[in-house]
Amino acid sequence: LHTLGLYLEAQSQHLHSLDDLEDAIEFSARQMSLTPDDPYTLLGLATKLLGRYGHTDEMFDLDAAIATCTLADARAPETHIIRPSVLLMLSRAWESLYDRTDHSANLESAITAAEQALHLTPPNEFFHTTLIARLGDLVGQRYNDTDARSDLDLSTELTEAAMKACPPDRPLYTRLHLTQGIDYTKRYTRFGELDDLKKAEALIEKALALMQMQPGHPSQRMYCASETASMLVGAGMWEQASRMADEAVMLLPSMSPRSLERRDQQRVLGREARLAPIAAMVALRAGRGAGHALRMLEFGRGVMLGYIIDNRSDISNLRRGRPELADRFEGLRRALDPSAKEEAEQEGTPIAAAGRRVHYYGIPRRQRLLNDIDELLREIRRIEGYEGFLLPPGEQEMMKLAESGPVVVVLPLVSSYAIIITTTEIKSISLPKLDDEGLDSVVSRLCEMWRLVEGPIRTYDERNKKMGALLLWLWDAVVEPILEELQIHAPPPEIESNASPLPHIWWIGVSFLGAMPFHAAGDHSPGSNRNTISRVVSSYIPTLKALAYARQRDEKKNLDSQHSILLVTMDTTPGEGQLKKVTNEAANLKAIAEGAGAKATVLPQPSASRVLDELQRYDVVHFACHGVTDSADPSKSALLLLSEDGNSVSRLLVEKVADINSLRARLAYLSACKTADSGKAIRLADENIHLAGAFQLAGFAHVVATMWTGGDRACMEVAEDFYKGLYRVGGHGNVGREVHAAVRKLREKKPGKYLQWAPFIHTG
């Protein structure tokens, strides 16, 4: 049990697999039931519990790790060889609790445990240097709280002692140089001594040079690079911070490789969600240009999305130049098609199953194929002319994507920016009103929006009024300065009445701003044109790579008079409210489509499996049903359909839809609740894990979705007006503009009913 637990713990660290770690914890728990007083067993369990806390952020794991470590310390004799290790682990657990609670008592407990461990460790022990360094780190953290010179002096002294004792070939040696450099930066900031500044610059430059020379596991390198970047930002050393942040971002795909299970990928990327936005912000502060900042965003956001796009993107350029590599790549892509997935792991005992996972030959075939495709991508990118194969677009490619209209990336952090892409330039502007608001306040506004979109009828007017205030704030803080920079002003009424096409903007909201309704921002009082919908057509897209993919798919669609539409309806759903108007909605849409010569099929009360079978046979699919989001695991968000026996709900999951690769698909219209919403999974906002994103991956170049629940009548009116416009030209209409027109028509009827007309969006 002990050995297998160690193997699985090591494999979990290497593969970032929570399944392996949970098995390791199970075996340690079994071992503890056999030897409950053994300090080695207790330490092993505590280590794994603290590791799981790092994955899950569950307080139970942290509390259990502290309790188990405390018990291990109590069970070990005072001079037992294991006590320093136990105390070190206890110190780390208390520090984690301090990071979570910001209670100084927890930091003091971490310091006390580290001091005790150091006292018990002879100076000639390898472990001794680690403990000195750790104590220096903790005292340095205390200085940040107390501002006491004695803490800063002690932190500097301890770190210097650790540097002298540390062999140069240890990774710790590099980190100590960095820590000492930051300490001297703090001293310069506090006391103004130029000698301290010179020492700080020399130590940090040496640390950066050492870091470039040291190999290591991607997780260690990324942690070191991101921590370094954070420290350098704190010291105001923007250029050096940008270099380190870039290195951390470039390691993200290695941290979350294709071979990881979906939930492990989500966990890793959720934990590092701020990395790419920080790298972009730091690049802008360092003066490295908006193009470079945008490339970092593209590299570090939508990683899971990018993997699926890579598996489905056109590779005709590679086929023309290197057909043999194209054949190999296509062969691997075909083998990785979801329909070729292996069955679940064979049944057996947990120990047997875990044992199979420890050995390479027990790794599922799919994981080996994913490793093979990563290696082939590296081989292709080593060839001249293919260095950017399936990588984020370069600046020229980015500007080409703006041919149909500007692309605007809104980046919220300590400093907020909008990056604007046009056909001639990529530039950034600051958003001072967003900065003045403060990050916590902006997040609070988003949380307020989530609260406003749901509630009883009796609170509707109050909620609607507050939503209007939020939309006005969004205009003032974000949208208006962007449109002013683009010189997009409200058109004169006579031009507007002649239906002169408005400019078209594609919005990319980074992090939690991905949930903000930029298209609905502004003052919507009668006669006002200080709002987005009066000035531009809005579409949303998660990344530039996704925009390029959607356009690639759209260009291949040759709709003719025989194209078809599938109308999926659920007027009653077990456990959910009745949707009284969906039957009429479907009948009206069927008539509109057939009037334009399209084949229209209504599929009432179907199962998820039936719909999955039908999806690939239609150019357009329309869902009129309930939808749900899963904040804990957004890939489990779903459209609610009916089970085969008709007695319960059948879920059409995000992950199942994303596995489809439909060659006919053009448009998915999701007239359901929150289909462009990842729930409150802010950590995964940049991964676009929601129903609208899933249908894009399935091959639908255009998706009409909702940010929150729209009323039944509003859903029906918008859908009917949209399809009338689309089929006015035989189904070839501009989807984004037709969504805009339908939503604007509803807004003109009910300008103050924001909760009714504002949720509808076009993505693609």
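Position in the sequence shown (first residue = 1) + 948 = the numbering used here.
Glycine included, each C-beta is placed from N, C-alpha and C at the ideal position.
Residue j beta carbon less than 7 Å from that of residue i
| i | j | result |
| --- | --- | --- |
| V1652 | F1643 | no |
| S1591 | C1663 | no |
| L1450 | V1485 | yes |
| L1589 | P1554 | yes |
| A1177 | A1193 | yes |
| G992 | S976 | yes |
| H1467 | S1352 | no |
| L1560 | G1575 | no |
| C1017 | T1077 | no |
| L969 | R1000 | yes |
| F1571 | V1516 | yes |
| L1106 | H1125 | no |
| A1760 | V1197 | With the chain covering only 949 through 1712, there is no way to say anything about residue 1760. |
| D1502 | A1283 | no |
| S1760 | G1647 | Outside the shown range of the chain, which is 949 to 1712, sits residue 1760, and nothing can be said about it. |
| A1013 | A1053 | no |
| A1556 | S1598 | yes |
| L1703 | M1518 | no |
| Q1064 | L1100 | no |
| I1540 | Y1675 | yes |
| R1685 | I1481 | no |
| L1273 | L1317 | no |
| L1382 | S1364 | yes |
Those residues which DSSP pairs with residue i across a bridge
| i | result |
| --- | --- |
| L1124 | Note: L1124 sits in no beta bridge, so no partner. |
| T1654 | F1708 |
| K1375 | I1368 |
| I1430 | Note: I1430 sits in no beta bridge, so no partner. |
| I1453 | S1486 |
| L1600 | L1587 |
Status (buried if at least 16 other CB within 10 Å, exposed otherwise) for residue i
| i | result |
| --- | --- |
| D1275 | exposed |
| F1142 | The sequence given here places Leu at residue 1142; Phe does not occur at that position. By the 10 Å Cβ count, L1142 comes out exposed. |
| R1483 | buried |
| I1403 | What sits at residue 1403 in the sequence shown is Gly, not Ile. So G1403 ends up on the exposed side. |
| L1010 | buried |
| C1573 | buried |
| H1240 | buried |
| A1613 | buried |
| M1397 | buried |
| N1479 | buried |
| M1161 | exposed |
| A1629 | Any answer about A1629 is weak, because its pLDDT of 44 lies below 50 and its placement is not dependable; what the coordinates show is given next. Under this definition A1629 is a buried residue. |
| A1706 | buried |
Helix, strand or coil at residue i according to DSSP, with G and I counted as helix
| i | result |
| --- | --- |
| S1363 | coil |
| S1512 | strand |
| G953 | helix |
| G1684 | helix |
| H1307 | Any reading at H1307 is ruled out, since the residue's pLDDT is 38, under 50, leaving its predicted position unreliable. |
| Y1334 | coil |
| V1356 | strand |
| N1319 | helix |
| N1072 | coil |
| S1619 | strand |
| N1477 | coil |
| G1470 | strand |
| G1647 | coil |
| A1041 | helix |
| M980 | helix |
| N1412 | helix |
| E1345 | helix |
| K1693 | helix |
| H1028 | coil |
| C1114 | coil |
| S1052 | helix |
| K1154 | helix |
| Q1500 | helix |
| P1465 | coil |
| A1173 | helix |
| S965 | coil |
Ordered list of alpha helix (DSSP H) runs contained in the stretch 1515-1596, each at least 4 residues: 1530-1543 and 1556-1563
Start-end ranges of the beta strand (DSSP E) lying completely within the stretch 1084-1110, minimum 3 residues: none
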